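Here the sequence shown is numbered in my numbering, starting from 184 and rising by one per residue. The block underneath contains the structure these notes are about, expressed in structure tokens.
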Amino acid sequence: MEITLYELGEILGSMGNYFDFPNIKFKGIKTDSRLVEQGDLFICLIGKNFDAHGFAKDAVAKGATGIVAMRWITELQDQVPIVIVPDTYNALLEIAKYMRDKFGGKVIAITGSCGKTSTKEILYSILAKSHKTEKNYKNWNNLVGVPLSIFSFSGKEDFWILELGISFKNEMEKLGDVVKPDIACITNVGPVHLQGLGSVEGVAHEKSKLISFVKKDGFCVINKDYKELVKETEKYNVNKIYFGDNTKFQIKFLGVDDSLKGLFNLILEDVNLNIKTNLNLSVFSENILAAATTAYLLGVNTHDIVEGIKAVLLPEHRTRWFKAEDILILDDCYNANPMSMRRIFDDLSKINIKRPLIAIIGDMLELGDVAEKEHYKLGKYLGGKDIDIIFYKGKFFEKFSEGIRQQKNNTRLFYIASINDFIDIWNSLKIFEGTVVVKGSRGMKLEKFVDEVLRSRG
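Below, the structure is given as structure tokens:
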């Protein structure tokens, strides 16, 4: 969405030399100098381990025609307009808020502890059948990613679908104030980001704040199967539609067919739909139902709903299946928390998979004071899941293994400190067939292990 230099000055009420460049327009906004293109505005953010002011010159060399900064950059003052602001993070949000207010279509905001990205991708696949629709890139869902997503849209769309992720208290107020959704969708709540949100009740409290920013003629789609979420959302006087058990909007996972397609029965009020899709685990039930309910309430016809669910393809490292000779690999290493860990292994016990079952597990991050307890509980839980071999990477190995030992099973457990450790052990085990599940938090970078298993069979 294009923005002029005059608009930028008005939005930010800022200082600088931008009055010397009256005709400048910006085609895009970037915060990473490596991604700058001709005509972009470059915003200099400062983080714990970086200061983008040092890359402003590089951004201009790549084509940036304006800079938003917190201090004067003398060597650039005659080349481009420089807008000086007290806080570049706040400037990012203010510009995004301005662009959202100019948008004439509808904004759908999706939040929850698990499945935000999957729900967004499914809903996008449905709405894009008949409407011009945009969405966050991958999971750009935080206080930087959401504004950057908005900047990438043309503003001529019918719908924007924005997933919102929070890790700390009061972040939802900032995101909600930018997004101001016409429709809000809350997928679920669970023990995720407890380091910043404290408890499941705290998660529900913070996530539900999104509802206070829904426009007066809008509505909220909420999962009724989580008591903490229901308790919090009941506080808000807004049009709420609940989905889940004992509601008008329900779903049932029927298993998989011989080609590993997922089979679901979907009920939307009086409409009963049978669906075959690439989403082949029951963990997707909530995501499909949340997206389908939202689309249905927006008036989308059931044909587009079914076809959209059939056609969806999730981003890399999100429950993606690969086949390498006689080994099936389930790559779900983008992120992990106690809720999603249990769900994926529950699902695998319901479908006919190749043995042995092998898991490559990484630490679940951002659990705060309950981290050791949750990793112990996860080990104890997975110890009862008939997993033949587990590779574990991370600092909570001892607590995890303590939980595994409580079950007194035959699972072979290996600690791997590096990719080389894994290669040595993998080769020594001479694994030629089976199912490999890779799951851990993003910071554990387990995609390297997916690549290595694929390479070993290639």
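Ideal placement from N, C-alpha and C gives every residue a C-beta, glycine not left out. These numbers were taken from a predicted model, which means no experiment stands behind them.
When DSSP states are grouped into helix, strand and coil, Ile-207 belongs to the coil group.
Counting only runs that start and end inside the segment 264-327, the alpha helix (DSSP H) elements of at least 4 residues fall at 271-285, 299-310. A distance of 7 Å or more separates the beta carbons of Lys-435 and Asn-455. According to the DSSP secondary-structure assignment, Arg-595 is paired through a beta bridge with Ile-572.
Taking the Cβ atoms as the reference, Asn-406 lies roughly 6 Å from Ile-369, within the contact range of under 8 Å. The Cβ-Cβ distance between Leu-275 and Pro-330 falls below 7 Å. If you keep only unbroken alpha helix (DSSP H) runs of at least 4 residues inside the segment 373-461, you get 377-380, 383-391, 410-416.
In the three-state reduction of the DSSP assignment, Val-621 falls in the strand class. CA-CA distance, Asp-634 to Asn-520, rounds to 22 Å.
Going by C-alpha positions, Leu-310 is about 28 Å away from Cys-516.
Excluding residues up to 5 positions away in sequence, Gly-288, His-314, Lys-315 lie with their Cβ nearer than 6 Å to the Cβ of Asp-341 in the same chain. Ile-573 is the residue among Ile-587, Ile-573, Glu-630 whose C-alpha sits nearest the C-alpha of Leu-612.
With a contact defined as Cβ atoms closer than 8 Å, Phe-334 and Gly-211 qualify at about 6 Å. Taking each of Ile-541, Glu-220, Arg-526 in turn and checking the Cα distance to Leu-561, the smallest one comes out for Arg-526.
Taking the Cα positions, Val-466 is about 7 Å away from Asp-530. Two segments are said to touch when three or more pairs of C-beta atoms, one from each, lie closer than 8 Å; by this definition the segment 367-383 does not touch the segment 260-268. In this model, Ala-387 and Asn-470 are separated by some 18 Å (Cα to Cα). In the three-state reduction of the DSSP assignment, Trp-609 falls in the helix class.
The three-state secondary structure of Glu-354, taken from DSSP, is helix.
Checking the DSSP bridge columns, you'll see Ala-542 partnered with Ile-573, Val-620. Here Gly-626 carries a helix assignment [DSSP, helix/strand/coil].
The residue from Val-413, Asp-360, Gly-623, Ala-475 with its alpha-carbon nearest to that of Ala-279 is Asp-360.
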